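Undergrad: According to full-length UniProt numbering, the stretch in the sequence shown is residues 1 to 331, in order. Sharing a structure below in structure tokens format, with a few things to ask.
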Amino acid sequence: MNPPQPKSAREAGAIALAQRVLRIEADAVIALAERLGAEFEQAVDLILQRRGRVIVTGIGKSGHIGRKIAATLASTGTPAYFVHAAEAAHGDLGMITPEDIVIALSNSGASEEVLTIVPLVKRQGAKLISITGKPDSPLAREADVHLDAAVAEEACPLNLAPTASTTAALALGDALAVALLDARGFGADDFARSHPGGSLGRRLLTHVSDVMRLSERVPQVREDASMMAALIEMSRGGMGMTAVVAADGRPIGIFTDGDLRRALERGCDARSATISAVMTRNPRNIGPDALAVAAAEMMERQRINQLLVVDDRGALAGALTTHDLMLAKVI
């Protein structure tokens, strides 16, 4: 090995090398996009036509990429799982049914462990899609559909370590997953149901009705109430506001801490003023079936900390605060 370079030269060399790696890998993906054709459409159609699952297989770095492709497919509406090529030859092939699709990854298209299971996959009646860097390889020839993931060069200075080739295969797998997502009409709600434990799931699955305080817990007064009565009601409710409702239950106003501060600045006498003189009329509101994240966005946009919830008749159904949304981990 050569003696180490001075730190400054080493840092400059590292940045230059990193930039070269990123450019090579970016170029590999761009070239891949430009040569996508009928084979890609055939792969999408083949998967959509089958009633089974997608089994992704590979070995080495291709195996690692295969695991990620299987995970992306599974989370976007295409049931999939990964089977290690070596383990498949030792019993795991029993997982494969005639209705399944096998996606086999091998940059060389000649990985012995992958080629060993190909005849057995075909004997099971499953269909085979291959992703390789060599269209004339044994794996490419045996596949029902071959997807060409060839790259001009690896990003490794020795042109040996799988770098650009694994990036291209991963990008091709993502493209396949997204094309299938679109073809299946897979939407945000579907995505949330497969990600219920994360912040995205909470944002897409939590509705206003899950977060709001029901109307009986919401401080509220009638329009003819005194300002002092409204202040007492605000203190009881602990929401920093009180709704002002008509006889039929419709909210016609809201009185918040901000309204109180502005009223006092104007010299208003809390003992004699009526709530109708100091409330904010036509308050913002939202329906209980709306997503909680929509309520959060409305409150942020309007710079308000409380939001009334009304039902289909326009009557007060509840209310929520930014603190309620924080407790539900929506924001």
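Where a beta carbon is used, it is the ideal one built from N, C-alpha and C, also for glycine. Note that the structure is a prediction, hence the values are computed from the model and not measured.
Any idea which residues DSSP pairs D148 with across the strands?
TA: Within the sequence shown, numbered from 1, the residue matching residue 148 stands at position 148. BP columns for D148 point to T132.
Undergrad: Per DSSP, which one or two residues make a beta bridge with N107?
TA: Here residue 107 refers to the residue found at position 107 of the sequence shown. N107 pairs with nothing; no bridge assigned.
Undergrad: For my contact list, T206 and L291 are in at a C-beta cut-off of 8 Å; report their separation, rounded to the angstrom.
TA: Counted from its first residue, the sequence shown places residue 206 at position 206. Counted from its first residue, the sequence shown places residue 291 at position 291. With a contact defined as Cβ atoms closer than 8 Å, T206 and L291 qualify at about 7 Å.
Undergrad: According to DSSP, is S165 part of a helix, a strand, or is it coil?
TA: On the sequence shown, position 165 is the one that residue 165 refers to. In the structure shown, S165 adopts helical secondary structure according to DSSP, grouped into three states.
Undergrad: Considering only residues of the same chain and omitting the five flanking positions on each side of A168, which have a CB-CB separation below 7 Å?
TA: To locate residue 168, count along the sequence shown from 1; it is residue 168. Here the set comprises A28, V29, L32, A149, V151.
Undergrad: Which residues does DSSP list as the beta-bridge partners of H84?
TA: Start at 1 with the first residue of the sequence shown, and residue 84 comes out as number 84. Paired residues: G58.
Undergrad: Please go through the same chain and pick out, in chain order, the residues whose beta-carbon is closer than 7 Å to the beta-carbon of L160, but skip the five residues on each side of it.
TA: Here residue 160 refers to the residue found at position 160 when the sequence shown is read from its first residue. Cβ neighbours of L160 beyond the five flanking positions: E154.
Undergrad: Would DSSP call M241 helix, strand or coil?
TA: Sequence index remark: in the sequence shown, residue 241 carries index 241 (1-based). In the three-state reduction of the DSSP assignment, M241 falls in the strand class, which pools E and B.
Undergrad: Touching or not, the stretch 90-106 and the stretch 39-55, by the rule of three or more beta carbon pairs under 8 Å?
TA: Yes: at least three Cβ pairs fall under 8 Å.
Undergrad: Throw me the rounded Cβ distance for the residue 343 and S75 pair, which I believe falls under 8 Å.
TA: The requested residue 343 is not part of the displayed model; the chain covers only 1 to 331.
Undergrad: When burial is assigned at 16 or more other CB atoms within 10 Å of the CB, is A104 buried or exposed?
TA: Along the sequence shown, read from residue 1 onward, the residue named residue 104 stands at position 104. Buried, since its Cβ has 16 or more Cβ neighbours within 10 Å.
Undergrad: With DSSP as the reference, identify every bridge partner of N285, one or two as the case may be.
TA: Residue mapping note: residue 285 aligns to position 285 of the sequence shown, counting from 1. The partner list for N285 (beta bridge, DSSP) reads L308.
Undergrad: Taking 9 Å as the threshold (C-beta atoms), are V221 and A246 in contact?
TA: Position 246 of the sequence shown holds residue 246. Position 221 of the sequence shown holds residue 221. Not in contact: A246 and V221 (Cβ atoms no closer than 9 Å).
Undergrad: For a test of the three-state rule: what should DSSP assign to S137, helix, strand or coil?
TA: In the sequence shown, residue 137 corresponds to position 137, counting from 1. Coil, per DSSP.
Undergrad: So, using beta-carbon positions, are L147 and V118 closer together than 9 Å?
TA: Within the sequence shown, the letter at position 147 stands for residue 147. Within the sequence shown, the letter at position 118 stands for residue 118. In this structure, V118 does not lie closer than 9 Å to L147 by Cβ.
Undergrad: So, do the stretch 317-325 and the stretch 225-233 have three or more beta carbon pairs nearer to each other than 8 Å?
TA: no
Undergrad: Can you tell me which of the three DSSP states V330 falls into?
TA: Here residue 330 refers to the residue found at position 330 when the sequence shown is read from its first residue. In the three-state reduction of the DSSP assignment, V330 falls in the coil class.
Undergrad: Drop a sphere of 10 angstroms on the beta-carbon of Q49, count the other beta-carbons inside from all chains shown, and report buried for 16 or more, exposed for fewer.
TA: Counting from 1 along the sequence shown, the entry for residue 49 is found at position 49. Looking at its Cβ environment, which holds fewer than 16 other Cβ atoms inside 10 Å, Q49 is exposed.
Undergrad: S272 by DSSP, collapsed to three states: which one?
TA: Residue numbering aside, residue 272 sits at position 272 when the sequence shown is read from its first letter. If DSSP states are grouped into helix, strand and coil, S272 belongs with coil.
Undergrad: Name the two residues that bound the continuous beta strand (DSSP E) containing R217.
TA: For the purposes of this step, residue 217 is taken as residue 217 along the sequence shown, with counting starting at 1. Neither: R217 is in no beta strand (DSSP E) and is coded neither H nor E.
Undergrad: Under 7 Å Cβ to Cβ from A296, same chain only, skipping five residues before and after it: list those, please.
TA: Numbered from 1 along the sequence shown, position 296 holds the residue referred to as residue 296. So the qualifying residues of the chain are L325, V330, I331.
Undergrad: Alpha helix (DSSP H) containing P119: first to last residue?
TA: The sequence position of residue 119 within the sequence shown is 119, counting from 1. 112-124 is the span of the alpha helix (DSSP H), which, as asked, contains P119.
Undergrad: Would you mind working out which of I47, R184, V208 sits nearest V145, comparing C-alpha positions?
TA: Walking along the sequence shown from the start, residue 145 turns up at place 145. Of I47, R184, V208, the residue nearest in Cα terms is I47.
Undergrad: For A85 and T57, what's the separation of their Cα atoms in angstroms?
TA: Position 85 of the sequence shown, counted from the first residue, corresponds to residue 85. Position 57 of the sequence shown, counted from the first residue, corresponds to residue 57. Their Cα atoms are separated by approximately 6 Å.
Undergrad: Which same chain residues, not among the five before or five after M212, have their C-beta less than 8 Å away from its C-beta?
TA: Looking up residue 212 in the sequence shown gives position 212. Excluding residues within five positions, the ones whose Cβ falls inside 8 Å are P288, V309, A317, G318, A319, L320, D324.
Undergrad: When we look at the beta-carbon of Q19 and count the other beta-carbons within 10 Å, is it buried (16 or more) or exposed?
TA: For the purposes of this step, residue 19 is taken as the residue at position 19 of the sequence shown. With fewer than 16 other Cβ atoms within 10 Å, it is exposed.
Undergrad: Report yes if the CB atom of E223 is closer than 9 Å to the CB atom of S276, and no otherwise.
TA: Locating residue 223 in the sequence shown gives position 223, counting from the first residue. Locating residue 276 in the sequence shown gives position 276, counting from the first residue. Their beta carbons are under 9 Å apart, which means E223 touches S276 by this criterion.
Undergrad: Name, in chain order, the residues that DSSP records as bridge partners for L316.
TA: As a first step, residue 316 must be located in the sequence shown, where it is residue number 316. L316 pairs with V310.
Undergrad: Could you check where the beta strand (DSSP E) with I254 kicks off and where it finishes?
TA: As a first step, residue 254 is located in the sequence shown; it is residue number 254 there, counting from the start. Counting along the chain, the beta strand (DSSP E) containing I254 begins and ends at 251-256.
Undergrad: In the DSSP assignment, the alpha helix (DSSP H) including F186 goes from what residue to what residue?
TA: Your numbering for residue 186 matches position 186 in the sequence shown. No alpha helix (DSSP H) holds F186; DSSP gives it neither H nor E.
Undergrad: Using the rule of at least 16 other Cβ atoms within 10 Å of the residue's Cβ for burial, across every protein chain shown, is N282 buried or exposed?
TA: Translated into positions along the sequence shown, residue 282 becomes position 282. Classification for N282: exposed.
Undergrad: I need the straight-line Cα distance from E113 to E87, nearest angstrom please.
TA: The residue given as residue 113 occupies position 113 in the sequence shown. The residue given as residue 87 occupies position 87 in the sequence shown. So the two alpha carbons sit approximately 9 Å from each other.
Undergrad: Can you check DSSP and say which residues form a bridge with H207?
TA: As a working mapping, residue 207 is identified with position 207 in the sequence shown. Within the DSSP secondary-structure output, H207 pairs in a beta bridge with L291.
Undergrad: When you compare only the Cα positions, how much space is there between V83 and A14?
TA: Along the sequence shown, read from residue 1 onward, the residue named residue 83 stands at position 83. Along the sequence shown, read from residue 1 onward, the residue named residue 14 stands at position 14. Cα-Cα distance, rounded: 37 Å.
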